[in-house]
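Read the structure below first, then the notes.
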Amino acid sequence: MVTEGVFAPAHVLAMSIQRREVSSLEVVEAYLAQIARHNPDLNAVVTLDEDGARMRAREADAALARGEEWGPLHGLPITLEDAHSTSGMRTTWGGLPRLADYVPEEDGTVAARLKAAGAILLGKTSGPEIWPDSVFARTNNPWDLAHTPGGSSAGVGAALAAGLTPLDIGVDTLGSIQNPAHYCGIYGMRPTEHSVPLTGVFFLDPIRKFRVMSVAGPMARSVEDLRLALRIIAGPDGLDTHVPPVPWRDLERPKMGELRIAWSSEFPGSSTQDEIRTMLEGVAGELTGGGATVEQSTPDVNLIHQYELGEELFDLLAGTFPEEPTAFSEEASVASKEHDSLEAYLTALDRRDEMMRAWNKFFAGWDVTIMAAGTNTAERHGEEPTEPQEYPYALSAVSGCPMVVIPAGVD
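Structure representation (structure tokens):
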């Protein structure tokens with residue numbers, strides 16, 4: 000398998016393995032070589048099981064030779080963000096010091112479902128921006144090592160952009176999928192809340208303190224890969240009671256001429272980088288040319304208040320971690336003490352409900368809204384963004400709506 004093959008979409012690689020055009024072992028070896036070549040500079044993959052991956056790849060190839068198929072990901076090597084519990088493989092939830100050597104006995108639901116679909120777990124990717132005292136070193140952006148890959152699913156974005164993995168699953172509360180997908184130029188999806196079980200995502204289960212706004216979602220190098228992964232990980236597991244007990248179903252793909260698409264390039268209180276604004280205008284033009292109804296429109300909701308609410312909810316949730324006094328930033332810790340009351344929490348939830356209703360009303364007239372995934376491209380390590388980046392993240396997190404990041408250009 001040539002080096003360029005590590006950048007192939009996951010669904011293409013999976014099909015090639017199933018057709019025996021390439022062996023699972025060859026694909027695993029290609030990714031292990033790519034990791035060995037580039038991960039020392041990136042620090043995206045923080046736990047690696049080379050021997051286990053090779054052994055499982057041989058088993059996958061032998062199974063195909065016998066006419067057995069494990070599932071749609073048969074023999075495909077993948078990685079998982081370090082927030083997911085993985086049986087026999089270290090899980091530190093982003094490098095939390097007291098979990099530096101923690102090895103779960105069971106897989107979380109996401110890991111179990113991917114393995115049941117035939118995937119081979121190469122290792123775990125970093126989330127170093129969660130903890131200021133993380134046991135892992137800084138993760139770098141493969142496009143420019145001096146720049147951040149975003150966070151907190153930093154290792155996921157960097158690994159996918161560098162060809163270290165074809166598929167990963169991030170965890171997002173306030174932009175942790177959206178931000179690294181944007182900064183690293185890959186595809187990411189924040190699903191509708193409570194569509195993917197969070198069983199086995201540390202701090203979400205069994206403690207489940209971050210049950211509001213938190214989701215697990217696929218990150219990959221194509222839209223079809225997002226669809227494939229979501230089909231596998233979504234739906235009830237009988238353990239996460241927030242996921243409704245209804246079967247997952249695919250929707251029919253709409254025709255372009257039937258789509259009603261709203262778009263906007265600006266966020267109140269923040270200016271969008273010129274290159275990003277130009278890119279959005281180009282996308283709107285392409286969609287119009289394809290036959291869709293495309294107009295500039297935004298919901299009847301104060302976007303600044305929505306951003307502030309997202310921050311407030313995050314701070315309230317951060318305040319529920321007295322056992323991890325250094326877990327979150329000093330700013331979040333102070334803010335959580337200011338709002339630390341049941342009344343403040345319930346009031347914030349009421350305000351969120353109002354905003355969710357406004358978004359639902361907006362989508363009665365539109366099928367999709369297109370906005371910038373971030374107002375700026377990736378900043379250098381240690382630099383603050385030139386404009387507030389959180390506005391776009393709060394839109395998807397607070398609204399509860401699904402969100403997909405699709406790369407549309409490179410600066």
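Okay, so the sequence shown: first residue is 0 according to numbering that gives the first Met the number 0, each after it adds one. Beta carbons are placed, not taken as given, at the ideal position from N, Cα and C, and that holds for glycine. Quick caveat, the model's predicted, so the values are computed rather than measured.
Nearest-angstrom Cα separation, counted from residue j out to residue i
i: ASN42; j: LEU312; result: 31 angstroms
i: ILE16; j: GLY4; result: 12 angstroms
i: LEU456; j: ARG53; result: Beyond the ends of the chain as shown, which are 0 and 410, falls residue 456; an answer cannot be given.
i: SER296; j: SER263; result: 6 angstroms
i: HIS241; j: GLY169; result: 19 angstroms
i: GLU285; j: PHE362; result: 22 angstroms
i: THR46; j: GLY122; result: 5 angstroms
i: ARG89; j: VAL27; result: 20 angstroms
i: TRP69; j: ASP143; result: 38 angstroms
i: ALA118; j: LEU197; result: 19 angstroms
i: ASP50; j: ARG137; result: 26 angstroms
i: GLY288; j: LYS254; result: 14 angstroms
i: GLY408; j: ALA160; result: 14 angstroms
i: LEU75; j: ASN301; result: 44 angstroms
i: HIS181; j: SER151; result: 12 angstroms
i: GLY184; j: ALA371; result: 13 angstroms
i: MET355; j: LEU394; result: 10 angstroms
i: ARG189; j: GLU223; result: 15 angstroms
i: ALA59; j: ILE34; result: 21 angstroms
i: SER328; j: THR164; result: In this prediction, SER328 scores a pLDDT of 49, lower than 50, which makes its location untrustworthy; the coordinate-derived value is nonetheless stated afterwards. Those two C-alpha atoms are separated by around 30 angstroms.
i: GLU251; j: TRP358; result: 23 angstroms
i: THR147; j: ALA13; result: 30 angstroms
i: ALA64; j: GLU20; result: 12 angstroms
i: PRO243; j: VAL155; result: 28 angstroms
i: ARG55; j: ASP349; result: 49 angstroms
i: VAL293; j: LEU279; result: 12 angstroms
i: GLU382; j: GLN177; result: 19 angstroms
i: ALA228; j: ASP352; result: 29 angstroms
i: ASP171; j: VAL214; result: 5 angstroms
i: ASP48; j: MET212; result: 32 angstroms
i: GLU378; j: ALA145; result: 9 angstroms
i: ALA326; j: SER175; result: Since pLDDT at ALA326 reaches only 49, below the 50 mark, its modelled position is unreliable, and the value read off the structure follows with that caveat. Cα to Cα, the separation comes out at about 16 angstroms.
i: ARG220; j: PHE6; result: 8 angstroms
i: ASP249; j: LEU31; result: 34 angstroms
i: PRO103; j: GLY94; result: 15 angstroms
i: ILE206; j: ASP236; result: For ILE206, the predicted structure reports a pLDDT of 49, less than 50, and the residue's modelled location is therefore unreliable. The matter cannot be settled from this model.
Interface flag, residue i vs chain C, CB-CB below 8 angstroms
i: LYS360; result: Included in the structure is just one protein chain, with no chain C present.
Coil, strand or helix - residue i by DSSP
i: ARG226; result: helix
i: LEU394; result: helix
i: GLY184; result: coil
i: ASP239; result: coil
i: ASP171; result: strand
i: HIS83; result: strand
i: ALA219; result: strand
i: VAL5; result: helix
i: ARG259; result: strand
i: ILE369; result: strand
i: VAL403; result: strand
Sequence-distant residues of its chain with Cβ nearer than 6 angstroms to residue i (five each side left out)
i: PRO71; result: ALA116
i: ILE232; result: VAL109, ARG112 and VAL195
i: VAL333; result: Caution is warranted here: a pLDDT of 49 is assigned to VAL333, below 50, making its placement in the model unreliable, and no coordinate value can be reported.
i: VAL245; result: none
i: GLY234; result: TRP247
i: ASP239; result: PRO196, LEU197 and THR198
i: HIS37; result: ALA161
i: VAL367; result: ILE260
i: GLU105; result: SER86
i: GLY290; result: MET255 and GLY256
i: GLY399; result: GLU192 and MET355
i: ASP100; result: none
i: SER22; result: ASP60
i: PRO298; result: ALA357, TRP358 and PHE361
i: ASN139; result: LEU41
i: HIS10; result: GLU223, ASP224 and LEU227
Own chain partners of residue i with C-beta closer than 7 angstroms, once the 5 adjacent residues on each side are dropped
i: ASP410; result: GLU274 and THR376
i: GLY411; result: The chain is shown only over 0 to 410; residue 411 falls outside these bounds and no answer can be derived.
Expected contact under 8 angstroms - CB spacing of residue i and residue j to nearest Å
i: TYR186; j: ILE405; result: 6 angstroms
i: LEU173; j: TYR392; result: 5 angstroms
i: LEU79; j: ASP167; result: 6 angstroms
i: VAL397; j: GLY281; result: The Cβ separation is near 28 angstroms, so there is no contact.
i: THR191; j: PRO401; result: 5 angstroms
i: ALA157; j: PRO141; result: 6 angstroms
i: GLY149; j: PRO179; result: 4 angstroms
Cβ neighbours of residue i in the same chain (closer than 8 angstroms, five flanking residues each side left out)
i: TRP365; result: ARG259, ILE260, ALA261 and SER296
i: LEU341; result: none
i: HIS380; result: ARG137, ASN139, ALA145, HIS146 and THR147
Which residue spans inside the stretch 261-320 form an unbroken alpha helix (DSSP H) run of at least 4? 273-288 and 302-317
Start-end ranges of the beta strand (DSSP E) lying completely within the stretch 13-76, minimum 3 residues: Whole beta strand (DSSP E) segments, 3+ residues: 44-47.
Quick check for students: name the residue ranges of the alpha helix (DSSP H) that lie wholly in the stretch 125-162, counting only runs of 4 or more. 153-160
Which ranges does the beta strand (DSSP E) cover as unbroken runs of at least 3 residues, wholly within the stretch 82-124, from first to last along the chain? 119-124
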